[in-house]
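Report on the structure given below.
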Amino acid sequence: MREAFWVGRLGMPSIHAAWANEIMEFMASYLAIIDGRFVAREERVQDVFLGDGHFEHFFGTYLITAGLVDGGNRRITAEGRAVLTMLISTRAHADAAEDVGLDWIIANRTVASHSERLDAAEKVERRERVAARMAHRFATATIGGEPAVKLIGLRITREIPVRSTLWTMCWSGGEHYARDRFYLWLLERIDRWDDWSMMVTRNGARALTEHLMRLAFCDRFAAAPAGA
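Put into structure tokens, the structure is as follows:
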């Protein structure tokens, strides 16, 4: 069915091309976002293209030309909804393990294979289980509708231990991808969290912000190829 849609309806080359299925998975996720049934309202379509307005305009125009999106109201057409249903129903077993919509697009912004992404997710899960038991830990959050990372500390009072937020960083514009990348960077350095928490306690939140910025640039230059 996918081959008939790809070749017969869209007029594309044979589905045996290695990239055909990936493009149709992307198309399904994009249609799901427009349809508004698979992602939250506040997640903007622009997030799909990492701010590349030209690519977004081109892909949107192509779907309008194909009759899958209405050129007037920019909503999914009846045929577009039927195509979305078909693409979801014909997903391969490996693809079906991932959600359709913005989650799929974010997961596929790297060239990592499906097995590599699953392995990375397992590592994150193990580290988060460790982090949950720590007196001081970083965690993702939403503050004022914006994605954020906060440092939570355990403060001992006369009555009971109380967890309080020691430090926060927010990403305006709803940039969940950048927030998640930063959180993964923090998880890779989980052994430093107690010392960084002490830095906030002694010198304030700004000291940690400046320290993390210095570390990020050191990490960037260390990873850069010679002569870069």
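Taking my numbering, the leading residue of the sequence shown gets 789, the next gets one more, and so forth.
Think of the CB as a built atom: it goes at the ideal place given N, C-alpha and C, for glycine as much as any other residue.
Beta bridge counterpart(s) of S952 as assigned by DSSP: G941
How many Å lie between R862 and R925 at the Cα? 43 Å
Helix or strand or just coil, what does DSSP make of A929? strand
Within the same chain, show all residues whose beta-carbon is closer than 8 Å to that of A1004, passing over the 5 residues directly before and after it, in chain order. W973
Going by C-alpha distance, which of S817, T930, I876 and T873 is nearest F847? S817
Evaluate M812 with the Cβ neighbour count: other Cβ atoms within 10 Å of its Cβ, from every protein chain shown; 16 or more gives buried, anything less gives exposed. buried
T870 in three-state terms, based on DSSP: The sequence as given places Ala at residue 870; Thr does not occur at that position. Helix at A870.
Would you check if the distance between the CB atom of T865 and the CB atom of L856 is smaller than 8 Å? yes
Per-residue burial, R917 [other beta carbons within 10 Å of its own, 16 or more giving buried]: exposed
Within this structure, are the beta carbons of I959 and V988 separated by less than 8 Å? Checking the displayed sequence, the identity of residue 959 turns out to be Trp instead of Ile. Not in contact: W959 and V988 (Cβ atoms no closer than 8 Å).
Cutoff 6 Å; reference M800; Cβ partners in own chain excluding five residues on either side: W794
Return helix, strand or coil for M986, following the three-state DSSP convention. helix
Measuring straight from C-alpha to C-alpha, what distance separates R790 and M874? 8 Å
Decide if W984 is buried, meaning its Cβ has at least 16 other Cβ atoms within 10 Å, or exposed. buried
Can you tell me the Cα-Cα spacing of R1024 and A820, whole angstroms? No information on residue 1024 is available, as it lies outside the stretch 789 to 1016 that the chain covers here.
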